[in-house]
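Residue numbers (our numbering): 3 to 144.
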Amino acid sequence: MAVEKFNDARAFANDLGGHAAAAAEAAATAEATTAAARAAEAATAATEATAAATITEAAAETATVAEAAAEVTAAAEIISAAETVALVAATSATMPAATSVETHNPVRFPVRPTSPSRGARRTANSNHTSSGAKPFAPHNMP
Numbered sequence: 003m004a005v006e007k008f009n010d011a012r013a014f015a016n017d018l019g020g021h022a023a024a025a026a027e028a029a030a031t032a033e034a035t036t037a038a039a040r041a042a043e044a045a046t047a048a049t050e051a052t053a054a055a056t057i058t059e060a061a062a063e064t065a066t067v068a069e070a071a072a073e074v075t076a077a078a079e080i081i082s083a084a085e086t087v088a089l090v091a092a093t094s095a096t097m098p099a100a101t102s103v104e105t106h107n108p109v110r111f112p113v114r115p116t117s118p119s120r121g122a123r124r125t126a127n128s129n130h131t132s133s134g135a136k137p138f139a140p141h142n143m144p
């Protein structure tokens with residue numbers, strides 16, 4: 003039991019020392035937090051200055067890029083015009099010399115389809131009824 007008493011006595015002393023250490027740690031944390039806040043403010047100011055410089059550089063670079071894009075667009079128009087001329091020349095050289103191409107001339111069809119006229123169809127179907135009733139016939143009236 004004597005060992006347990008010494009063990010408890012040391013634990014009590016550590017608890018008291020722990021309170022002082024906790025207070026010192028809290029003070030150090032507060033100082034570190036204040037220093038971090040000051041560093042963050044300085045970093046924010048530096049970031050804002052860098053951002054302003056970056057915006058200025060970006061504006062200048064955008065103007066340069068716009069000029070380069072205009073040059074590329076002009077060059078692309080010249081190239082596409084040259085390609086168009088080349089394709090038209092190649093196409094006309096491969097086609098036979100014809101004045102016109104007729105695609106839908108009804109006289110050129112081999113044979114027109116023959117179909118019965120409407121009257122012929124009615125006559126052919128007149129004896130067919132769907133209900134099975136006889137066709138209507140007029141009654142002889144005296």
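Glycine included, C-beta positions come from ideal geometry on N, C-alpha and C.
Open item on the list: Tell me the rounded alpha-carbon separation between ALA62 and ALA30.
Closed with: Mapped onto the sequence shown, residue 62 falls at position 60. Mapped onto the sequence shown, residue 30 falls at position 28. Cα to Cα, the separation comes out at about 47 Å.
Task: Cut-off 7 Å between Cβ atoms - residues of its own chain near GLU79, not counting five sequence neighbours on either side - done: What you label residue 79 is simply residue 77 of the sequence shown in a count that begins at 1. Nothing listed; no residue qualifies.
Task: Nonlocal neighbours in the same chain, by C-beta distance under 7 Å from ALA41, ignoring five residues either side - done: One-based indexing of the sequence shown puts residue 41 at position 39. Answer for ALA41: no residue qualifies.
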